[in-house]
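Q: Before anything else, here's the structure in question.
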Amino acid sequence: MVVSVPKQGAHTPMNLDSHWPEILDLVRQKVPRQTFQTWFAPLAPTPNGNGALEIGCPDHFFRDWFSEHQLTTLNEVGTAYFGQPTEFALAVPEKTKVLEPMGAAVSPAAAALTFGAVINPTAGMRPAQAPEPVSPPAPTPRGLNSDYVFANFVPGSGTDLAYAAATAIAKNPGSHFNPLFIHGGVGLGKTHLMQAIGNAIAVNRPQSRICYVTAESFMNDLIRSIQENRTPDFKLKYRSVDVLLVDDVAFLAGKESTQEEFFHTFNALYDQKKQIVLTSDRSPKEITTLEERLRSRFEWGLITDIQAPNLETRIAILKRKIEVNRIYIDEEVITLIAENITDNIRRLEGALIRLLAFASLTGKEISMEMASEVLSSYFHGNSTGPVKIADIMDIVADVHDISVDQLKSKRRTQDLARARQIAMHLAREMTGASLNQIGRAFGGRDHSTVAHACQKIESLAATDPAFRGAIRDLTDRVRARR
6 MVVSVPKQGA HTPMNLDSHW PEILDLVRQK VPRQTFQTWF APLAPTPNGN
56 GALEIGCPDH FFRDWFSEHQ LTTLNEVGTA YFGQPTEFAL AVPEKTKVLE
106 PMGAAVSPAA AALTFGAVIN PTAGMRPAQA PEPVSPPAPT PRGLNSDYVF
156 ANFVPGSGTD LAYAAATAIA KNPGSHFNPL FIHGGVGLGK THLMQAIGNA
206 IAVNRPQSRI CYVTAESFMN DLIRSIQENR TPDFKLKYRS VDVLLVDDVA
256 FLAGKESTQE EFFHTFNALY DQKKQIVLTS DRSPKEITTL EERLRSRFEW
306 GLITDIQAPN LETRIAILKR KIEVNRIYID EEVITLIAEN ITDNIRRLEG
356 ALIRLLAFAS LTGKEISMEM ASEVLSSYFH GNSTGPVKIA DIMDIVADVH
406 DISVDQLKSK RRTQDLARAR QIAMHLAREM TGASLNQIGR AFGGRDHSTV
456 AHACQKIESL AATDPAFRGA IRDLTDRVRA RR
């Protein structure tokens, strides 16, 4: 398409704000409508940019993607418009200020896997020379994900209780639901809710010291403190916070020294009425090799689970993502994605990003046909619903030449016991069922039996490549049946 542009030299790049609508009109003539709505409409000149050609974009992912795939187009239009070589700079507006406790700035993380920051938004106001540092250094130089806020969380029937508890804690930490223990499958929003608590408290109570850390990072920090002979610093660091957010506490299972230190950290904070929030893929009673004294403390407050979102919630999540990014997608395409991706939110949002990226790179309009083709790998195995324990039993029984009734029976011959352990392991890995639910399905066994079976299979798979391959083949057969 031919793009009409003003004569060279007709404009100056200074005061970009007044020229931006005309520049966007030129871009709109040059790129497909879908590409424009997805990648150009969200842009706007920054009000206080360091340079005249600084453009604000929604987040770091957007900035990086746009820089690689669309910035050249924008520069070309700008060059034609201003009549001189033009290069735009992209910036992500600052959202939540994340600072080191003694005033060194740390950029907010833009990825869901960041962890381990002590946050104090007012730290930079402290005197340069304090008589004694009363605040410990941050566990690691990384911060909360500033995108993980309550406004971006879409509650549904499977998250109502967890969401209500999280918002209540954010308003009045340390008063109710202490500790809050949130458990559920991968990608269902546990980390989002936990970090939303931290982000909300950082805004509402700027003097609060907030520590977000994974259990693994807590352990690694402990090990380093022992190696470097600085365990007092470690203890001060974690026991001087107002809010402790610990992700994936199931990682502590079997790690005696780390559990010992976490036990004393928990007690110190709880006694001071400091808020503690924990997440895990399992409930406390399902975390095997967790010390009983820790398990009992995890149960002192509120334990709530998060379930996979239903269809209505999945549609609402996609619509919220689309609205935030000012994207247009037909309702039928949204429903197609929501109906076919049922297991977790992370895959749901991943599918949307993939579809938008494909449309942008190819310059094609998003349609039902495109979505079905581009997302076929996401849809594979999801169109008929989630994995069922009964399907796993049928396939394992068939492969081992036994009956499903034998899998459920009390018989414990070596071959039968191994097949039963494999089926329990697959049920734990491929369904959203708890250990208790799996145990009931296998003839009324208790959760400790299922946990032992899962550990046994995981151990064998880790040391025996042939066995690991057999488990992988069984997994593929189960997925193929869905």
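So for the sequence shown, the numbering used here puts the first residue at 6; every next one is plus one. A virtual CB, placed ideally from N, CA and C, is assigned to each residue, including glycine.
So Ser-213 is in the alpha helix (DSSP H); what residue range does that whole segment cover?
A: Per DSSP, Ser-213 belongs to no alpha helix (DSSP H) and is neither H nor E.
Q: Would you kindly report the start and end of the unbroken beta strand (DSSP E) that includes Ser-285?
A: From DSSP, the beta strand (DSSP E) with Ser-285 extends over 280-285.
Q: Report yes if the C-beta distance between Met-488 and Thr-270 is below 7 Å; otherwise report no.
A: With the chain represented from 6 up to 487, any question about residue 488 goes unanswered, as that position is not in the structure.
Q: Contact defined as beta carbons within less than 8 Å: I believe Tyr-275 pairs with Asn-177. What is the distance between those atoms, to the nearest angstrom?
A: Tyr-275 to Asn-177, Cβ: 16 Å. No contact.
Q: Counting only runs that start and end within the stretch 144-214, where is the beta strand (DSSP E) found for 3 or more residues in a row?
A: With a minimum length of 3 residues, the continuous beta strand (DSSP E) runs that stay inside the stretch 144-214 are 185-189.
Q: Could you tell me which residues DSSP pairs with Val-329 in its beta bridges?
A: None; Val-329 has no bridge partner.
Q: Is Asn-80 near the ligand COA, going by C-beta to nearest heavy atom under 6 Å?
A: Of the ligands one can find in the structure shown there are none, so the ligand COA has no counterpart to examine.
Q: Rank Leu-250, Ser-288, Thr-236, Gln-280 by C-alpha distance to the C-alpha of Ala-258 and give the top, closest one.
A: When each option's Cα is compared against that of Ala-258, the closest is Ser-288.
Q: Assuming Val-338 and Phe-363 are in contact, meaning their beta carbons sit under 8 Å apart, how far apart are those beta carbons, in whole angstroms?
A: Actually they do not touch by this definition, with Cβ atoms about 13 Å apart.
Q: Cα separation between Tyr-333 and Gln-42?
A: Those two C-alpha atoms are separated by around 7 Å.
Q: What separation, rounded to the nearest whole angstrom, lies between the Cα atoms of Gly-192 and Gln-312?
A: Answer to the nearest angstrom: the Cα atoms are 10 Å apart.
Q: Where Arg-244 and Phe-267 are concerned, what is the direct C-alpha to C-alpha distance, given to the nearest angstrom?
A: Roughly 10 Å between the two C-alpha positions.
Q: Rounded to the nearest angstrom, what separates Ile-281 and Leu-185 at their Cα positions?
A: Distance between the alpha carbons of Ile-281 and Leu-185: 7 Å.
Q: In whole angstroms, give me the CA-to-CA distance for Glu-297 and His-430.
A: When rounded, the distance between both Cα atoms is 24 Å.
Q: CA-CA distance, Gln-34 and Leu-48?
A: Each residue's alpha carbon lies about 16 Å from the other.
Q: Less than 8 Å between C-beta atoms, sequence neighbours within five positions excluded: which residues of the same chain meet that for Val-483?
A: Val-392, Asp-396, Ile-397, Ile-400, Leu-431, Met-435.
Q: Quick one: complete alpha helix (DSSP H) runs, 4+ long, within the stretch 235-263?
A: Counting whole runs of 4 or more residues, the stretch 235-263 contains the alpha helix (DSSP H) stretches 236-244.
Q: By alpha-carbon positions, which one of Pro-314, Asp-30, Gln-75 ends up nearest to Gly-161?
A: Considering only alpha carbons, the answer is Pro-314.
Q: Given a threshold of 16 other Cβ atoms within 10 Å of its Cβ, counted over all protein chains shown, does Pro-98 qualify as buried or as exposed?
A: Exposed, by the Cβ-count rule.
Q: Excluding the 5 residues preceding and the 5 following Arg-331 in the sequence, name in chain order all residues of the same chain whose CB lies nearer than 6 Å to its CB.
A: Correct list, in chain order: Ala-46, Pro-47.
Q: Quick one: is Asp-403 near chain C, going by C-beta distance under 7 Å?
A: No chain C is present in this structure, which holds just one protein chain.
Q: Alpha carbon to alpha carbon, what distance is there between Gly-203 and Thr-119?
A: Low confidence applies here, because Thr-119 scores a pLDDT of 27, under 50, leaving its location unreliable; read the following figure in that light. Rounded to whole angstroms, Thr-119 to Gly-203 spans 14 Å at the Cα level.
Q: Since Ile-462 and Ile-427 should fall inside the 8 Å C-beta cutoff, what is the C-beta to C-beta distance between them, to a whole number of angstroms?
A: Right, their Cβ atoms sit about 6 Å apart.
Q: For Phe-303, tell me which candidate among Ile-187, Ala-96, Leu-166 has the shortest Cα-Cα distance.
A: Ranking the options by Cα distance to Phe-303, first place goes to Ile-187.
Q: On the premise that Leu-360 lies in contact with Ile-371, defined as a C-beta separation below 8 Å, what is that separation, rounded to the nearest angstrom?
A: Right, the Cβ-Cβ distance comes to about 6 Å (below 8 Å), so this counts as a contact.
Q: How is the beta strand (DSSP E) around Thr-309 delimited, first residue to last?
A: 307-311 is the span of the beta strand (DSSP E), which, as asked, contains Thr-309.
Q: How many angstroms separate the CA atom of Glu-233 from the CA atom of Glu-221?
A: In a straight line, the C-alpha of Glu-233 is about 18 Å away from that of Glu-221.
Q: Just the C-alpha distance for Trp-305 and Arg-423, rounded to the nearest angstrom, thanks.
A: Their Cα atoms are separated by approximately 37 Å.
Q: Could you tell me whether the Cβ atoms of Thr-318 and Leu-166 are closer together than 7 Å?
A: No. Outside cutoff.
Q: Would you mind giving the Cβ-Cβ distance between Thr-164 and Gly-190, rounded to the nearest angstrom? I have them listed as a contact below 8 Å.
A: So it is not a contact: roughly 12 Å between Cβ atoms.
Q: According to DSSP, is Thr-340 part of a helix, a strand, or is it coil?
A: Helix at Thr-340.
Q: Let me know the secondary structure DSSP gives Val-139 once reduced to three states.
A: For Val-139, the predicted model reports a pLDDT of 44, less than 50, meaning its position is unreliable; a value from the coordinates is still stated below. In the structure shown, Val-139 sits in coil (DSSP, three-state: anything other than H, G, I, E or B).
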